[in-house]
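Numbering (the working numbering), first residue to last: 23 to 176.
Everything on this sheet refers to the single structure shown next.
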């Protein structure tokens with residue numbers, strides 16, 4: 023793969039061990055999404071099973087993201103941080119502006135499956151249609167239906 027220049031700012035997601043599954047799931051949900059770079063564990067690399075995804079750079083609808091699997095016990099870097107104590111929090115979420123009700127419904131259904139709905143899809147004072155949830159990987163998402171041009175003019 024040709025080198026993809028990384029933007030100055032991007033979201034970095036650190037998973038316990040399912041970064042590759044999450045990466046495949048997320049890139050399947052959004053148009054204009056692709057994996058740009060993957061680094062996998064090599065044979066004999068301490069703590070890692072050969073072939074396990076360690077780090078990836080990818081885009082979701084053109085927005086660049088980075089993800090990693092946290093280093094397992096015995097791996098280089100494991101002793102640098104208390105990895106077992108790190109989790110995702112609903113306070114930090116990926117915010118998605120949905121261009122249609124069908125896109126909103128599709129993402130809401132897919133992302134909430136095996137996850138937790140914090141605010142169900144509905145009308146709120148700040149949005150005609152909004153939802154807040156965590157997916158099966160415990161990553162938080164906030165979905166907002168962008169009003170049509172006609173609705174904005176009214």
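Glycine included, C-beta positions come from ideal geometry on N, C-alpha and C.
A quick note: this is a predicted structure, and the numbers were derived from the prediction, not measured.
- In this structure, residue 166 sits away from residue 130, with a CB-CB distance that is not shorter than 9 Å.
- Closest in alpha carbon position to residue 115, among 43, 134, 154 and 100, is 154.
- When DSSP states are grouped into helix, strand and coil, residue 132 belongs to the helix group.
- Straight through space, the alpha carbons of residue 139 and residue 86 are spaced by roughly 25 Å.
- Inter-segment contact for the segment 31 to 39 and the segment 65 to 73 is absent: fewer than three beta-carbon pairs are separated by less than 8 Å.
- A straight line joining the alpha-carbon of residue 133 with that of residue 58 spans about 23 Å.
- Residue environment analysis places residue 28 among the exposed positions, since fewer than 16 neighbouring C-beta atoms fall within 10 angstroms of its C-beta.
- Following the DSSP letters along the chain, one finds residue 49 inside the alpha helix (DSSP H) bounded by residues 41 to 51.
- Membership of residue 117 in the beta strand (DSSP E) is indicated by the continuous run 115 to 120.
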